[in-house]
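Data block below; observations after.
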Amino acid sequence: MKIHTIATEPFEGQRPGTSGLRKKVKVFQQPHYLENFVQAVFDSIGDFQGQTLVVGGDGRFYNLQAIQTILRMAAANGFSRVLVGQNGILSTPAASNVIRKYRAYGGLILSASHNPAGPDEDFGIKYNIGNGGPAPEGVTEAIFEQTRKIEWYQTVECDDLDLSLAGNFELAGMQVEVIDPVADYAELMQKLFDFNAIRSLLADDFSMAFDAMHAVTGPYAKVIIEDILGAPAGTVMNGEPKEDFGGGHPDPNLTYAHELVEILYGDDAPDFGAASDGDGDRNMILGNHFFVTPSDSLAIMAANAHLIPGYKNGINGVARSMPTSAAADRVAEALGLECFETPTGWKFFGNLMDAGRVTLCGEESFGTGSDHVREKDGLWAVLFWLNILAVRQESVEAIVVEHWQKFGRNYYSRHDYEGVDSAAAEQVLQNVRDQFATLPGQMLAGRKVGKCDDFAYTDPVDGSVSTNQGVRVLFDDGSRLIFRLSGTGTSGATIRIYLESYEADADKQGLDAQDALADMIAAANEISGLKQLTGRDKPTVIT
Ligand code: G6P
Ligand code: ZN
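Under the numbering used here, residue 1618 is the last one in the sequence shown; the count climbs by one each step, no gaps.
What follows is the structure in C-alpha cells.
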C-alpha cells in the first residue's frame, strides 16, 4: 500500500462547536476541507496504531462520500480496523454503543443532528473518544489548534468500498467490518427494558405513533417497535431515511414535528406519541393531547427508574444542563441522590458517568439518556416511557399531573430567535450583563431578583473550568430567566431565552406554560432590549 502525503493549507473556522464541526455541505465539499479536519483529529488523539475506529452517520447528503474519504485516511494513518455501519448508517447513540462494546479507540460520527440536510444544507463531523462520548473540550481545542497549522494529510489511493453489504472487507491493508447498524443497539435495549411488558401493552388497547422524521431512527424504530415489540406496521411514520430528510427539519419539538403533533392533538389521538431527530439522540414525548417538556421528562424518569429492569437497583445520581428546569433536582433531593448542573452540551456528562456519580442525564433541548452509552438517546427515552406506561397502566397525562402534585410544577418554556445578526445577539446578552449590579433586590415580574451571573462550571471530576455558559437572572423564589446563544446554528446567531417558574400549589398547576410565564416573558424582553435590537417581535420557535 502506498501512502500519499498531500500538501494542504489551513481553513479558517474549523473549531468544533457544541457538538462537532458543522458547516454547509458546500463548505465541506471544498477540496481538502474534510481531509484537513480528519487529519487534525488523527493528529490530536494520541497513539491509535493498530487500533479500531468506528465510523457512521445519520445518512444525510454527503455521508457516503465522507465515509469513503475517512476510510482511506484511516488506512493511511495506521488504524488496523474500522467498524462502519451498513450503508454508512449509525445513529449517534448506536455509534456510542459500538465504540464501547468493541473497545474501539474512538469514532467519527457524521451528522449535523437536527439541522436540515441536502446539497444546500448542513453537514457535520465529530470525534467521540473511547468511552463512547463526545471528545472533551481539551481534545476539541487540540483539534482546532491542529487545523490552524496543518500542512499535509495522509491518504491512500483505492476504489470506494461497497457499503451496502455487511461483512468483512479489506481496504489498502486495513480491515473494514461493515456492521448491521441496528443489531447491537437492539440487543442493548432488550437488556435494559422489560420487552415482554411493553409487548403486552402494545398488544392491549394501547396505541402509539413514532415519527422518525425521514431520518436515521427509521430502521431502528421499525426493528425494535414494530418487529420485536409487535406494534402494528405503520406505527413508525416517515421511517425511510432520506438524504435530505424529506426536505424537513428533523428536530422533535412542537414546531418542527408538527405532523406528529397534529395526530396527537387530533380526533382519535393515540395514547402515546414520540419523535426523534436527524441522528437519533433527541426525543419528544407526547400523550393524548398532552406535551411532556423535556425537563419534566427527565424528572419523571428519575422518579420512576426503579420500575425499569436496567435501573431497578437504584440510580447513582442525576445531572441536567443549567438551562434545564430544576424539576429533576426535586426528585434527586427526595431520593437522596446527588444532582449536578452542567453547561449545555452532552459532553459535560461524560466524566460524571465515568466516575459513577450519575446514571440519568437530561437537557431541555430534548435530550435524555443514561450511562448505558455516552450520548443522549432518543429511542431509549421512548422505550423508557413505554416501560413506565406498561407498569403503571396510567395515561401519560395522569403520570405527569401526579408527578406535579407530588413535587410541584416547574413551569418552563424556551423562546428562540433564530438567524439574528451576531452583533445584535451579543448586545442582547450584554444588556442583561450590564444590569448585574443593579437587578438584585429589585422586583421583576412580581418576583424579587436574588442573584445575577454568567454561569461557570467546575467539573468535579477533573477540575476543568468552563466559563460564560449563559447569562442568568435568578429569583428568590427559584424562578429563573436565562439568556444564551446557541452553539449549534450555522447561519447568524440564535438567541435562546429560557423561562422557569416554580408552582407548588396543585390548584395552580393546570395553566398553559405560556400563560403562566407571561410576566416572565415580558420581563425578559424588557431587561434585554431584544425587540429593539433585533427587530423581532416574536420568537421563531417556542418549546
Ligand atoms: C446539541 C448537543 C446538546 C445540546 C444542544 C444545545 O444537541 O448535543 O447536548 O444541549 O446541542 O444546542 P444549542 O443550539 O442550544 O447550543
Ligand atoms: Zn441530534
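Glycine residues also receive a C-beta, built at the ideal position from the N, C-alpha and C atoms. These numbers come from a predicted model, not from an experiment.
With fewer than 16 other Cβ atoms inside 10 Å of its own Cβ, Glu1408 counts as exposed. Separation of Pro1369 and Trp1227 (C-alpha to C-alpha, rounded to the nearest whole angstrom) is 44 Å. For Asp1528, the uninterrupted beta strand (DSSP E) run begins and ends at Arg1522 to Asp1529, by DSSP. Between the stretch 1186 to 1199 and the stretch 1079 to 1097, the count of Cβ pairs shorter than 8 Å is three or higher; the stretches touch. If only complete runs of 4 or more residues are kept, the stretch 1329 to 1412 shows the alpha helix (DSSP H) at 1333 to 1339, 1369 to 1379 and 1402 to 1410, in order along the chain. The beta carbon of Pro1345 is closer than 6 Å to those of Ser1282, Met1283 and Ala1284 in its chain, skipping five residues each way along the sequence.
Distances from the alpha-carbon of Asp1582 to those of Asp1356, Gln1143, Gln1480 and Glu1416 put Gln1480 closest. Burial is judged here by how many other beta carbons sit within 10 angstroms of a residue's own beta carbon; Thr1563 has at least 16 and is buried. In its chain, beyond the 5 residues on either side, Ile1572, Pro1614 and Ile1617 have a beta carbon closer than 6 Å to the beta carbon of His1490. Contiguous alpha helix (DSSP H) elements confined to the stretch 1402 to 1463 occur at 1402 to 1410 and 1425 to 1429, taking only those with 4 or more residues. Following the DSSP letters along the chain, one finds Asp1594 inside the alpha helix (DSSP H) bounded by residues Ala1593 to Ser1603. CA-CA distance, Pro1307 to Tyr1486, rounds to 36 Å. Non-local C-beta neighbours of Ala1192 in its own chain, meaning closer than 6 Å and more than five positions away in sequence, comprise Arg1135, Phe1136, Asp1319 and Phe1320, ordered along the chain.
For Thr1569, the enclosing beta strand (DSSP E) has its first and last residue at Ala1568 to Glu1578. The alpha-carbon separation between Gly1131 and Ala1465 amounts to approximately 33 Å. The continuous alpha helix (DSSP H) containing Tyr1108 extends over residues Tyr1108 to Phe1117. Boundaries of the alpha helix (DSSP H) around Glu1477: Val1471 to Phe1482.
Taking C-beta separations shorter than 8 Å and ignoring five residues to either side along the sequence, the partners of Gln1126 in its chain run Phe1154, Ser1155, Arg1156, Ala1179 and Tyr1180, following chain order. Following the DSSP letters along the chain, one finds Arg1274 inside the alpha helix (DSSP H) bounded by residues Phe1270 to Ala1278.
Contact annotation: the stretch 1516 to 1530 touches the stretch 1542 to 1551, with at least three C-beta pairs closer than 8 Å.
For Phe1198, no alpha helix (DSSP H) run applies; the uninterrupted beta strand (DSSP E) run containing it begins and ends at Asp1197 to Ile1204, by DSSP.
Chain order is used for the residues whose beta-carbon lies nearer than 7 Å to a heavy atom of the ligand G6P, namely Thr1093, Ser1094, Ser1188, Asp1356, Arg1357, Ser1396, Thr1419, Gly1420, Trp1421, Glu1438, Ser1440, Gly1442, Lys1451, Arg1559, Ser1561, Gly1562, Thr1563, Gly1564, Thr1569 and Arg1571. Spanning the alpha carbons of Asp1234 and Ala1150 requires a straight line of approximately 13 Å.
Contact between the stretch 1594 to 1613 and the stretch 1493 to 1500 is present, with at least three C-beta pairs closer than 8 Å.
Annotation: Ala1403 to Gln1089 spans about 36 Å, alpha carbon to alpha carbon. Taking one beta carbon from each stretch, the stretch 1344 to 1358 and the stretch 1456 to 1473 have 3 or more pairs nearer than 8 Å; the two touch.
For Ala1261, the secondary structure class from DSSP, reduced to helix, strand or coil, is helix. Separation of Leu1592 and Asp1122 (C-alpha to C-alpha, rounded to the nearest whole angstrom) is 52 Å.
With 16 or more other Cβ atoms inside 10 Å of its own Cβ, Ala1568 counts as buried. A distance below 8 Å separates the beta carbons of Ser1445 and Leu1435.
The nearest non-hydrogen atom of the ligand ZN is less than 7 Å from the C-beta of Asp1352.
The closest CA to that of Leu1128, considering only Ala1082, Tyr1202 and Thr1080, is found on Tyr1202. Measuring C-alpha to C-alpha distances from Gln1114 to each of Glu1315, Gly1353, Leu1574 and Ile1081 identifies Ile1081 as the nearest. For Thr1292, the Cβ stays outside the 7 Å cut-off from all heavy atoms of the ligand ZN.
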